[in-house]
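Shown next, in structure tokens, is the structure this report addresses.
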Amino acid sequence: MRMRRKANLEPRMEACARWQVADAAAMKGSWRSLMPECRELWVEVGCGKGKFTVETAAANPEVLLIAIERCREAMVMAMEKAKNMGLKNVFFVDMDVALMEGCFAFGEIDRLFINFPDPWPRSKNAKRRLTYRTFLRMYSRVIRDGGEIHFKTDNAKLFESSLEEIELVGLAVKNLTRDLHANGIVGIMTGYEEKFHAMGTPINRCEIVCHPIYEEVQA
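The sequence shown lines up with residues 1032 to 1250 when you count with the working numbering.
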């Protein structure tokens, strides 16, 4: 659902400027300069209002977390959460995920999170899914060899199609489950995830182990 534009968006964005990276392309290859002592660099694509983002950053203070979100109305809410918590290891980027390769160097990322992306259910829109083969190949170039993608969705059809895409590009899957919270809450939930879980909707999750992919697969 598209968020309504907020009249006070710009002042709120300015108040959180400390947590925003305005020129992501200029940071390519040097993201760790934001936190030189960080153990790893994690990236979340489509952070939304930031519940998972800030709780993950707070639980892992030794990790630098970069959150990408193209909806500024949602991102400002996430930045305000980070500001209110006084977090120093999380930064936000306002951009389309498709532009990642222009902003992150080869093998620069240790872990990438894809939480509850738009399923784009129509076949004609399959290429827009964040787990489509072209995106997976892109992620594999900016994630280090052996790094991981952590993927969660409530949409069973998207999950199954994603597993097919993962196999097609030759990546390995581990810790796969089609009902993550069957025996109790596991890990940090997103806001959407809490709602789905409360309704009894099973959460699908897997971890994708990356390696550089050079060959082109016909789309």
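Note that beta-carbon positions come from the ideal geometry of N, C-alpha and C, so glycine has one too.
Output the distance between the C-alpha atoms of residue i and residue j, rounded to the nearest integer angstrom.
i	j	result
D1185	C1078	16 Å
S1061	S1154	38 Å
I1234	V1204	16 Å
E1195	I1244	16 Å
H1228	V1240	26 Å
E1071	L1095	6 Å
A1113	G1222	15 Å
T1232	M1169	30 Å
A1098	I1219	15 Å
C1134	K1080	22 Å
G1201	T1084	29 Å
G1178	A1038	40 Å
R1209	P1042	42 Å
M1230	T1087	24 Å
F1190	F1147	10 Å
E1111	C1047	7 Å
Looking at the strands, I want to know which residues DSSP matches up with residue i.
i	result
N1253	Any property of residue 1253 remains undetermined from this structure, which presents the chain solely from 1032 to 1250.
I1099	V1076 and V1124
A1213	DSSP lists no partner for A1213.
R1236	K1183 and T1208
V1094	E1071
Please state if the CB of residue j and the CB of residue i are separated by a distance shorter than 8 Å.
i	j	result
M1066	N1115	no
W1020	D1141	This structure leaves residue 1020 out entirely; the chain is present only between 1032 and 1250.
W1137	R1164	Correcting the residue identity first, residue 1137 is Phe in this sequence and not Trp. Against a cut-off of 8 Å, the Cβ pair of R1164 and F1137 comes out as no contact.
L1211	R1175	no
Check the Cβ-Cβ distances between residue i and every residue of chain B, and say whether any is below 8 Å.
i	result
V1076	Any reference to chain B falls outside this structure, which holds one protein chain only.
Exercise. May I ask you to verify whether the region 1125 to 1132 touches the region 1093 to 1107, counting CB pairs closer than 8 Å and requiring at least 3?
Key: With a cut-off of 8 Å, the region 1093 to 1107 and the region 1125 to 1132 count as touching, because enough Cβ pairs lie within range.
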